[in-house]
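Line by line, the protein sequences are chains F and Y. In terms of the working numbering, the first sequence is residues 394 to 560. In terms of the working numbering, the second sequence is residues 6 to 108. Notes follow the structure.
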Amino acid sequence: MAGTIDHPIKKVLIICAKANIEDVYAALVMANGAVMEGIETKMFFTFFGLDAITKKSMKKLHTSAVGNPGLKMPGGLPFPTLLGILPGVEAGVSAMMKSQMEKLDIPTVEEFLELITAGGGEIYACKLAVDMFGLKKEDFSEHVKDIITVGQLYELAAGEGSQIIFT
Amino acid sequence: MSEKVYAGKSVTVTEDGYLTDPNQWTKDIAVEIAREEGITLSPKHFEVIEFIRDKTLKGEVMTIRTIGKSGIIDTKGFYELFPGAPLKKASRIAGVSKPTSCV
């Protein structure tokens, strides 16, 4: 452990490029955890990850019921992909996942963004993806600080003891 | 684990400096631990610390969120009172064990 104490992580940039509940939460939990540890934290949302910071879609994130080998039926049997294509199944699976998270007192996406920014973390949207999806600054949560280019992203991540994490 | 003297009282602390027995805690000890963390305790700090002690000793797991919803202070204020890693610092000053929650 001596090495970890000599070279602590001072700064993280966490990139989220997907809109699945699990990918978004992985990014949010790690970012919030970093803020809690006193690590300077930036988040960068790109491509479908933008759903997590877009006002219209942030409350409606889904987990995929198709092609998701980790997904299990209640009881632990594998979840059949063919079942996942039926209407309403993905919504049902997503609702179950959300209720389970609520039981564990895991914050909603909006609340996570609030926790992260309250602790000094910063949230950014990717300019290229924003242009691609035809979005504007006002489409995003108030917690989004700016829409930035990939060049600006690397400037933000610069520094000794800095890490970039792609979920 | 090692022995440490705070406010003229000998207490046992973990490697990270958390008291091993919350019953050894006193307000004077809190003031001295806070000084090590670079914090001068105000009455507001003590309100938060007492909230943490009360809930933790009842077996509840503290999170930044629980404290933000305590009615004593919001999340932002908590980060301002205990800059850097508020939950860890406040727990240490409150004489309870190192926080274990992930959110």
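Every residue gets a Cβ at the ideal spot worked out from N, C-alpha and C, and that includes glycine.
Compute the Euclidean distance between the alpha carbons of residue i and residue j, then round it to the nearest angstrom.
i, j, result
"F/Asp-532", "Y/Ile-38", "46 Å"
"Y/Gly-13", "F/Lys-448", "55 Å"
"Y/Phe-87", "Y/Lys-49", "11 Å"
"Y/Val-66", "Y/Pro-104", "8 Å"
"F/Pro-473", "F/Asp-416", "21 Å"
"F/Thr-510", "Y/Pro-27", "32 Å"
"F/Ile-446", "F/Ala-522", "13 Å"
"Y/Val-18", "F/Phe-526", "54 Å"
"Y/Ala-46", "Y/Arg-40", "Looking at the sequence shown, residue 46 of chain Y is not Ala but Leu. Rounded to the nearest angstrom, the two C-alpha atoms are 8 Å apart."
"F/Glu-483", "Y/Met-6", "50 Å"
"F/Val-569", "Y/Ile-54", "Residue coverage of chain F in this structure runs from 394 to 560, which leaves residue 569 of chain F outside it and unanswerable."
"F/Ala-458", "F/Gly-477", "5 Å"
"F/Lys-465", "F/Lys-453", "21 Å"
"Y/Tyr-11", "F/Met-429", "26 Å"
Spatial neighbours of residue i within its chain, please: CB distance less than 7 Å, with the 5 preceding and 5 following residues excluded, ordered by chain position.
i, result
"Y/Gly-73", "Asp-79, Thr-80 and Phe-83"
"F/Asn-425", "Phe-505, Leu-508 and Ile-509"
"F/Ile-432", "Ile-402, Lys-403, Lys-404 and Val-405"
Using a Cβ-Cβ cutoff of less than 6 Å, which residues in the same chain neighbour residue i once the five nearest sequence positions on both sides are dropped?
i, result
"F/Ala-550", "Leu-406 and Ile-557"
"F/Leu-421", "Phe-505"
"F/Met-423", "Ile-407"
"F/Gly-552", "Lys-404"
Leaving out five residues before and five after residue i in sequence, what residues of the same chain have Cβ atoms less than 8 Å from its Cβ?
i, result
"F/Met-394", "Because the pLDDT at F/Met-394 is just 45, under 50, the model does not fix this residue reliably, and the point stays unresolved."
"Y/Ala-35", "Leu-46, Phe-51, Ile-54, Ile-98, Ala-99 and Gly-100"
Compute every distance between the C-beta of residue i and the non-hydrogen atoms of the ligand SAM, then say whether any falls below 7 Å.
i, result
"Y/Ile-77", "Judged by which ligands are present, the structure shown has none, so any question about the ligand SAM falls away."
Sort the options by Cα distance to residue i and report the nearest one.
i, options, result
"Y/Phe-109", "Y/Glu-8, Y/Leu-62 and Y/Asp-33", "What is shown of chain Y runs 6 to 108, which leaves residue 109 of chain Y out entirely."
"Y/Lys-94", "Y/Ile-57, Y/Thr-31, Y/Ile-77 and Y/Tyr-11", "Y/Ile-57"
"Y/Gly-43", "Y/Glu-85, Y/Gly-64 and Y/Ser-102", "Y/Glu-85"
"Y/Ser-96", "Y/Val-10, Y/Ile-69 and Y/Gly-76", "Y/Ile-69"
"F/Ala-412", "F/Asp-399, F/His-400 and F/His-455", "F/His-455"
"F/Cys-409", "F/Gly-463, F/Leu-443 and F/Glu-430", "F/Leu-443"
(message) Would the segment 515-525 of chain F count as touching the segment 484-503 of chain F if we require 3 or more Cβ pairs under 8 Å?
(response) no
(request) Ignoring anything shorter than 3 residues or poking outside the segment 462-523 of chain F, list the beta strand (DSSP E) runs there in chain order. (result) 515-519
(request) Write down every uninterrupted run of the beta strand (DSSP E) in the segment 402-463 of chain F whose length is 3 residues or greater and which is fully enclosed by it, in chain order. (result) 404-409 and 433-438
(message) Check whether the segment 15-33 of chain Y and the segment 425-441 of chain F touch, using three or more Cβ-Cβ pairs below 8 Å as the test.
(response) no
(message) Does the segment 500-512 of chain F come into contact with the segment 461-477 of chain F, if we say contact requires no fewer than three beta-carbon pairs (one atom in each stretch) closer than 8 Å?
(response) Not touching, per the Cβ criterion.
(request) Scan the segment 43-108 of chain Y and note each continuous alpha helix (DSSP H) run of 4 residues or more that stays entirely inside, going in chain order. (result) The qualifying runs are 48-62, 69-73, 80-86 and 91-98.
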